[in-house]
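Below: the structure, in structure tokens.
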Amino acid sequence: MKTKIIVRPTGPGRTPMITTALWYDYSHIARCKLRTRKCADGIRRPIKTRRYSKPVEDIDPIKYFRHRSVVSVDQAKFKKTGKNSHYIQCGVILSPARESGYSMCTHCSPGCESACLKSSGQLVFSTAKRARILRTRLFLFHRAKYLEYVGRDLAKLRRKAHALGKILVTRFDTLSDTNTLSIYRELMESNPLDGFVDYTKDPRKYQAYLSGSSAPNHHLTFSRSEINHCQARYFVAAGGTSTVVVRTQEALARCLAHGYDGFPAVDGTLSDRRWEDPRGHWVLLLALGKAKTDKSGFVVD
Ligand code: SF4
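Going by this note's numbering, the sequence shown opens with residue 97, and the numbers climb by one from there.
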């Protein structure tokens, strides 16, 4: 802070009045390249930006999600499902593969790990990554609290969906592959009017689903990668459905017209309403993010 002498003229023929005023010296701002804005009094002041200085390991996930939502609704794919339909979709986004330091996809392949959806859309931002890791820590180390928060968020979304005359559909493994059949079983059975949809690369989990040991309102789709093609084909032949990721629109149109690997295919890019897919079909998905340049065989041409 500095003192500045101001000379104020007081009228013709009179001695100018000399006063002093305090003013703030922000000349250093230009040197350290802080972002500033001009305030109402004409002085430029630095913009206060929100910074997360704490490392993610030092944040208590229970406190973090006490007033934040564990269940997300603002993903592009969720919105697509809700468009012109009777459904509202939401999902839990945990950290895929080993992003959090813990393995959350037990059956992931090198190809799917590097081409995972975390590299697409808004999921690439550091704030999204931070929230995913904290959600994963809550899931792993505070399971009871995690399920309580999920129940709280779903109850809120269910009220909203019912007010609009719609059905709430939840995807618990949006970016992970956990044991949804047992972890959320109680939640699924206690809300029979809700729908639950997921994808998995775990053949035992999918076999259990096909043999009817999941809740009746739960739908599971197998997910093909470069290391489980035979299992995916087996499940399609057994009357299940399996996703296959194609690189281009041309490949998608070709597979829709002629099928893929001996079985017919449906377009899975239109929505996430997998329970509407006919059984014994491949579900075609289009490569997004890093998957567009995949060379492992996870994405087919
Ligand atoms: S299994 Fe799915 S969520 Fe996990 S790394 Fe592979 S693509 Fe991502």
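For each residue, glycine too, the CB sits at the ideal point set by N, CA and C.
Through-space distance from residue j to residue i, alpha-carbon basis
i	j	result
ARG267	ILE143	39 Å
GLY261	THR177	15 Å
ALA349	VAL395	15 Å
SER174	LEU283	For the sequence presented, residue 174 should be read as Phe rather than Ser. Those two C-alpha atoms are separated by around 20 Å.
LYS388	ALA211	8 Å
GLY187	ALA136	44 Å
VAL152	LEU234	12 Å
SER278	PRO299	16 Å
VAL340	ALA240	35 Å
LEU236	TYR242	9 Å
HIS124	HIS238	With a pLDDT of 49 at HIS124, under the threshold of 50, the modelled position of this residue cannot be trusted; read the value that follows with caution. Near 47 Å, if we compare the C-alpha coordinates of HIS238 and HIS124.
ALA257	ILE184	6 Å
ILE158	ARG226	14 Å
ASP245	MET200	Just to set this straight, residue 245 is Tyr in the shown sequence, not Asp. For TYR245 and MET200, the distance between alpha carbons rounds to 20 Å.
GLY49	ILE323	Lying before the first or after the last residue shown, residue 49 is absent from the chain, which here runs from 97 to 397.
GLY247	ASP290	12 Å
ALA224	SER307	36 Å
ALA353	ARG369	21 Å
VAL379	CYS326	16 Å
ASP390	LYS252	39 Å
HIS203	SER392	16 Å
ALA259	SER191	32 Å
ASN287	ASP170	22 Å
GLU285	GLY335	24 Å
PHE221	HIS163	21 Å
GLN383	TYR330	In the sequence as displayed, the identity of residue 383 is Ala instead of Gln. Cα to Cα, the separation comes out at about 23 Å.
GLY217	ALA172	8 Å
ARG194	CYS351	32 Å
ASP273	LYS150	29 Å
Closer than 7 Å: residue i CB and nearest the ligand SF4 heavy atom
i	result
ARG191	The sequence as given places Ser at residue 191; Arg does not occur at that position. False, no ligand heavy atom lies under 7 Å from that Cβ.
SER272	yes
LYS297	yes
CYS326	no
LEU213	yes
GLU322	no
CYS208	yes
CYS186	no
CYS351	no
CYS135	no
Contacts around residue i, its chain only, beta-carbon distance under 7 Å, and the 5 residues preceding and following it disregarded
i	result
SER165	ASP249
SER321	SER205, GLY207, CYS208, LYS297, PHE394
LEU316	ASP294, THR296, TYR302, TYR305, SER310
LEU219	LEU213
6 Å CB neighbourhood of residue i in its chain, flanking five on each side removed
i	result
ARG254	LEU264
SER181	none
ILE189	SER168, ARG228, THR270, LEU271
SER196	ILE229, THR232
Rounded Cβ spacing between residue i and residue j (contact assumed at less than 8 Å)
i	j	result
ARG141	ARG131	That pair is no contact at about 10 Å.
ASN275	PHE292	No, ASN275 and PHE292 are not in contact; Cβ-Cβ is about 14 Å, not under 8 Å.
PHE318	ALA328	6 Å
TYR280	THR232	Incorrect: roughly 16 Å between the Cβ atoms, too far for contact.
THR344	ASP373	About 22 Å; that fails the 8 Å criterion.
PHE359	GLY385	Incorrect: roughly 27 Å between the Cβ atoms, too far for contact.
ALA347	ASP397	6 Å
Sequence-distant residues of the same chain with beta carbon closer than 8 Å to residue i, five excluded per side
i	result
LEU381	THR339, VAL340, VAL341, VAL342, GLY364, THR365
LYS179	SER367
LEU230	VAL152, ILE155, PRO157, TYR160, PHE161
TRP371	GLY291, VAL293, HIS315
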